[in-house]
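K.L.:
Protein chains: 2
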Amino acid sequence: MPGALPIVHGVSLSPFVRKVRAALVEKGVEYELASVMPGSPDESFRSISPLGKVPVYQEGAFSVPDSSVICAYLERRHPSPPLLPADDEGYARVLWLEEYADTKLVEVFGPLYSQRVIQTIVFKQPCDEAVVAGALRDLVPPAFDYLESELSEDGWIVGDAFGLADLTIGAMFVGFRHAGEFVDAERWPRLAAYVARVEARPSLASLIVEEEASLAAL
Amino acid sequence: MPGALPIVHGVSLSPFVRKVRAALVEKGVEYELASVMPGSPDESFRSISPLGKVPVYQEGAFSVPDSSVICAYLERRHPSPPLLPADDEGYARVLWLEEYADTKLVEVFGPLYSQRVIQTIVFKQPCDEAVVAGALRDLVPPAFDYLESELSEDGWIVGDAFGLADLTIGAMFVGFRHAGEFVDAERWPRLAAYVARVEARPSLASLIVEEEASLAAL
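Each protein sequence line maps, in turn, to chains E and A.
In this note's numbering, each residue carries its 1-based index in the first sequence increased by 182.
In this note's numbering, each residue carries its 1-based index in the second sequence increased by 182.
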């Protein structure tokens with residue numbers, strides 16, 4: 183299929199799909215989104231996603247799963263504009279913060295997202311606010327303290343340019359926003375201002391608007 | 183400290199520490215191992231490992247956690263010999279198999295390792311063989327089927343050169359070996375031969391011998 187666009191397999195409300203979609207926008211790469219739920223038993227999906235997870239990125243006969251692997255591939259395939267720093271230590275620091283967001287922030291925001299978004303908006307079931315309150319009390323503060331300690335008063339989290347760490351942290355904070363929560367600017371002033379800057383980035387802002395519309399339509 | 187060696191913080195029986203140590207040997211980088219248990223409350227450790235995990239890699243004032251991030255950093259800092267392919271698709275495939283080993287193989291081997299090694303050898307407690315049998319029956323076969331399907335009859339798992347995917351899969355299979363298990367060569371002939379080749383690699387073989395001696399001394 184000459185001229186066929188690359189395909190992102192997944193669902194738009196997955197933070198990992200959001201991260202890859204934002205990376206593609208940053209890279210100026212057009213793509214199609216092929217809707218598939220994580221865990222889908224569909225055989226053609228399983229053939230490209232051995233663990234049944236989303237996203238999977240496909241270019242013709244080539245495909246690769248895992249948002250971090252996909253972003254590393256995109257950086258090689260489409261080096262400009264770069265999403266990773268040229269210096270070795272900055273590069274390592276960005277990859278570490280990407281990993282932190284992919285694991286720790288997902289764990290911290292998970293209970294909020296599953297209650298306020300999946301349970302309430304998608305399945306129209308009552309929200310267990312005790313679960314939400316527990317996560318806000320016990321899980322959120324140590325993570326926000328850590329991010330606050332890594333941030334400056336302005337700019338991006340590593341070096342001078344917007345990059346993969348900002349994009350990944352931002353993609354996860356969109357889930358916090360969908361859950362109806364915002365960073366307390368009195369307690370975490372740098373983080374609150376940073377999340378606002380990241381969410382205003384066109385690559386993420388366009389996904390926020392699209393996803394809010396799809397949530398409102400449910 | 184001119185001439186000070188880089189430091190790997192962690193314990194030798196962690197598969198992720200083993201992976202980084204093998205990568206350093208492959209790269210010809212001398213290092214020191216600073217023994218610290220994952221979850222240690224030691225403040226100087228926590229200052230370089232926000233999640234309390236091992237390994238952390240340190241070069242003077244610079245440090246970075248997470249075995250995958252460390253290996254990506256080492257590839258940039260010490261490009262020769264390469265552990266990642268030059269072509270984009272091979273690069274993505276190696277990173278995906280690294281991720282598969284780091285998550286799925288660790289999940290599959292975890293019950294075996296915790297019973298046969300941690301519980302029995304380290305803590306001198308009875309092994310719950312029902313847990314072991316359950317993992318061997320339910321978890322191991324799908325993972326071994328997948329790896330078998332990705333392998334050729336000889337050589338390494340991606341391309342012509344030994345690389346990060348082989349090293350990571352090998353590091354995880356050392357845990358399977360410590361648990362007293364070996365790949366059934368009748369059921370998974372390619373995988374059995376591959377694991378034998380990977381474990382004979384000097385970088386991993388030297389760690390196997392060292393770790394078996396330390397387990398025997400417990």
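Even for Gly, the Cβ is constructed at its ideal location relative to N, Cα and C.
What ranges does the alpha helix (DSSP H) occupy inside the segment 300-343 of chain A, keeping only unbroken runs of at least 4 residues that lie completely in it?
P.N.:
311-316, 322-332
K.L.:
Using a C-beta to C-beta distance shorter than 9 angstroms, which residues of chain A count as neighbours of Glu225 of chain E?
P.N.:
Here the premise fails: no neighbours, minimum Cβ distance about 14 angstroms.
K.L.:
Secondary structure at Phe364 of chain A, three-state DSSP: helix, strand or coil?
P.N.:
coil
K.L.:
Taking Glu394 of chain E as the reference, which of E:Gly316, E:Phe291, E:Arg200 has the closest Cα?
P.N.:
Nearest C-alpha to Glu394 of chain E: E:Arg200.
K.L.:
Are the C-beta of Lys286 of chain E and some C-beta of chain A separated by less than 8 angstroms?
P.N.:
Yes, Lys286 of chain E counts as interfacial toward chain A.
K.L.:
Ordered along the chain, which non-local residues of its own chain (more than five positions away) have a Cβ less than 6 angstroms from that of Ser196 of chain E?
P.N.:
Val236
K.L.:
By Cβ distance below 7 angstroms, which residues in the same chain neighbour Gly345 of chain A in space, the five residues on each side in sequence not counted?
P.N.:
Leu265, Leu266, Pro267, Val276, Trp338
K.L.:
Taking just the CA atoms, how far does Glu280 of chain E sit from Ala347 of chain E?
P.N.:
5 angstroms
K.L.:
Between the segment 239-265 of chain E and chain A, which residues of the former have CB atoms less than 8 angstroms from a CB of the latter, in chain order?
P.N.:
Phe244, Val246, Pro247, Asp248, Ser250, Val251, Ile252, Ala254, Tyr255, Arg258, Arg259
K.L.:
Taking only the alpha-carbon atoms, compute the straight-line gap between Lys306 of chain A and Asp366 of chain E and give it to the nearest angstrom.
P.N.:
Straight through space, the alpha carbons of Asp366 of chain E and Lys306 of chain A are spaced by roughly 49 angstroms.
K.L.:
Using a Cβ-Cβ distance under 8 angstroms, would Tyr213 of chain E count as near chain A?
P.N.:
no
K.L.:
Compare the beta carbon distance of Ile252 of chain E and Tyr273 of chain E with 8 angstroms and say whether it is the shorter of the two.
P.N.:
no
K.L.:
For Leu400 of chain A, count the other beta carbons within 10 Å of its own beta carbon; 16 or more makes it buried, fewer makes it exposed. Which is it?
P.N.:
exposed
K.L.:
For Val340 of chain A, which residues of its own chain have a beta-carbon under 6 angstroms away from its beta-carbon, when the five flanking residues on both sides are left out?
P.N.:
Gly272, Arg275, Val276, Ala347
K.L.:
Count the CB pairs spanning the segment 350-364 of chain A and the segment 377-388 of chain A that are closer than 8 angstroms, and state whether there are at least three.
P.N.:
yes
K.L.:
Could you pull the start and end residues of the beta strand (DSSP E) that Val190 of chain E belongs to?
P.N.:
189-192
K.L.:
Cutting at 6 angstroms between CB atoms, please list the residues of its own chain near Pro188 of chain A, excluding the five before and the five after it.
P.N.:
Tyr213, Glu241
K.L.:
Anyone know if the C-beta pair for Ala361 of chain E and Tyr295 of chain E falls short of 8 angstroms?
P.N.:
yes
K.L.:
CB of Leu195 of chain E to nearest heavy atom of the ligand ZN: below 7 angstroms?
P.N.:
The ligand ZN is absent from the structure shown, which contains no ligands of any kind.
K.L.:
Between Pro188 of chain E and chain A, is any beta-carbon pair separated by less than 8 angstroms?
P.N.:
no
K.L.:
So is Tyr376 of chain E in contact with chain A if we call contact Cβ pairs under 8 angstroms?
P.N.:
No - not a single Cβ of chain A is within 8 angstroms of the one on Tyr376 of chain E.
K.L.:
Just to confirm the assignment: which complete alpha helix (DSSP H) runs, minimum length 4, are found wholly within the segment 213-256 of chain A?
P.N.:
225-230
K.L.:
Under a CB-based cut-off of 8 angstroms, is Asp348 of chain E close to chain A?
P.N.:
False, the Cβ-Cβ gap to chain A never drops below 8 angstroms.
K.L.:
Excluding the five sequence neighbours on either side, which residues of its own chain have a C-beta within less than 6 angstroms of the C-beta of Phe326 of chain E, listed in chain order?
P.N.:
Trp370, Leu373
K.L.:
Compute the distance between the beta-carbons of Val322 of chain E and Val288 of chain E, then report whether it is under 8 angstroms.
P.N.:
no
K.L.:
Please tell me whether Arg203 of chain E has its Cβ less than 8 angstroms away from any Cβ of chain A.
P.N.:
no
K.L.:
Quick one: list the residues of chain E neighbouring Leu233 of chain A, beta-carbon separation under 7 angstroms, in chain order.
P.N.:
Lys286
K.L.:
Residues in the segment 323-344 of chain A with C-beta within 7 angstroms of chain E's C-beta atoms, listed in sequence order?
P.N.:
Tyr328
K.L.:
Could you work out which residues of chain A lie near Trp278 of chain E, taking near to mean beta carbons separated by less than 8 angstroms?
P.N.:
Listed by position along chain A, the residues whose Cβ is nearer than 8 angstroms to that of Trp278 of chain E are Val246, Pro247, Asp248, Val251.
K.L.:
Under the three-state reduction of DSSP, which class applies to Gly345 of chain A: helix, strand or coil?
P.N.:
In the displayed model, Gly345 of chain A falls within coil according to three-state DSSP, outside both helix and strand.
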